[in-house]
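Residue numbers (this note's numbering), protein chains in the order written: chain A, 436 to 588; chain B, 436 to 588. I have placed the structure first, in the form of structure tokens, so that the comments after it can refer back to it.
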DNA sequence: AGCAACCGTAATCATAACGGTTACAATTAA
DNA sequence: TTAATTGTAACCGTTATGATTACGGTTGCT
């Protein structure tokens, strides 16, 4: 799942730098270092989440379907999850309801985990794709000149 | 992993209510609804993390090795992770270092995910076992009397 | 029309993580 | 000594996921 999230973000960052031109799954796969079908699968999730759009046929490919400010890491994470899946779902097994602890532990943990869940979601929602692109540019710049101070693009 | 975390917390909550008496893996397994060996495996992780202690032989079992205030959900989470594992590790695959995006995406995401990681850790660290026990007690109380208001014990 | 470039998806295979279970040696109380 | 317990290894079955192949449908170009 971690991998899916990271690769999905990689894909979106790549598309963001394509200036609205559709990019084929093969080209993206080259950058990500995986198979084109894997990219198309993830692209399918991103498409269903409304983050990207794809064009069939020759010259087709994927492109962002929202402005960079309107795609956050939280959106990406949700796109990777099942429709109803909950990142912090208390995956209870089969606690013994005949036991005091077993009977209420799941609900208790659900409540106790709420703040952690919200904190993380808020932090992810605070990072739009523009920020990802900015980070990438910063690193590429400092890499270019090899100088300690960077010129801000 | 989610399951392991939840079950580990269940185990600790159970031990917390045992008043310092060692509890056998069989008894805990009953409450959790799993096999004693599964409990012993998790107990092993918790022991290596310094959260519990175990006694061998007849009448043996597990007991907490810290005060309830000194065990937080973050401690439990860490106990479930490999020594160097990072919950937010950027599980990069094989990004193409010949590509601008591929070359820096991992490090960029690492930085961008930092705040989310810290936010979640802080939220988890804010929940000690005492809080878990309190939640459990609250639910058991309201369950007892079936009354809307609860008496705070 | 025909071809080639693309996507969407199903199917298959390999791998890794994990829970469930059995087995067994080591420890300890009675 | 015996019975209760832990610690661990080993094995099986399930699930998630990446890699790959295959194939049908779409679309641009000539």
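Cβ coordinates follow ideal geometry from the N, Cα and C atoms, glycine included. Keep in mind it's a predicted model, so treat the numbers as computed, not measured.
Candidates A:532, A:472, A:485, A:513, of which the one nearest residue 523 (chain A) by Cα: A:513
Neighbourhood of residue 458 (chain A) by C-beta, 8 Å cutoff - its chain only, sequence neighbours within 5 removed: 449, 450, 496, 497, 498
N- and C-terminal bounds of the beta strand (DSSP E) containing residue 497 (chain B): 496-499
Same chain, Cβ closer than 7 Å to residue 455 (chain B), neighbours up to 5 away in sequence not counted: 498
Cβ-Cβ separation, residue 544 (chain A) to residue 442 (chain B) (assumed contact under 8 Å), whole Å: Actually they are not in contact, since the Cβ atoms of residue 442 (chain B) and residue 544 (chain A) sit about 10 Å apart, beyond 8 Å.
Residue nearest to residue 445 (chain B) in terms of C-alpha spacing, selected from A:556, A:465, A:547: A:547
Residue closest to residue 465 (chain B), alpha-carbon to alpha-carbon, out of A:539, A:484, A:529: A:529
Local Cβ density within 10 Å of residue 510 (chain A), reported as buried at 16 or more and exposed below that: buried
Within chain A, the residues that residue 490 (chain B) reaches when beta carbons sit closer than 9 Å: Ordered by position in chain A, no residue passes the 9 Å Cβ test against residue 490 (chain B), which lies about 21 Å from the chain.
is_contact[residue 445 (chain B), chain A] using C-beta, thresh 8 Å: yes
Interface positions of the segment 537-555 of chain A facing chain B (Cβ-Cβ less than 7 Å), listed along the chain: 537, 539, 540, 542, 543, 544, 546, 547, 550, 551, 554, 555
First and last residue of the uninterrupted alpha helix (DSSP H) at residue 487 (chain B): Note, residue 487 (chain B): premise wrong, no alpha helix (DSSP H); beta strand (DSSP E) at 487-490.
Residues bridged to residue 507 (chain A) [DSSP beta-bridge criterion]: A:563
Whole-angstrom C-beta distance between residue 539 (chain A) and residue 575 (chain B), which should lie under 8 Å: 6 Å
Between the CA atoms of residue 436 (chain B) and residue 571 (chain A) - distance to the nearest angstrom: 31 Å
Buried versus exposed, by CB contacts within 10 Å (16 or more), residue 472 (chain A): exposed
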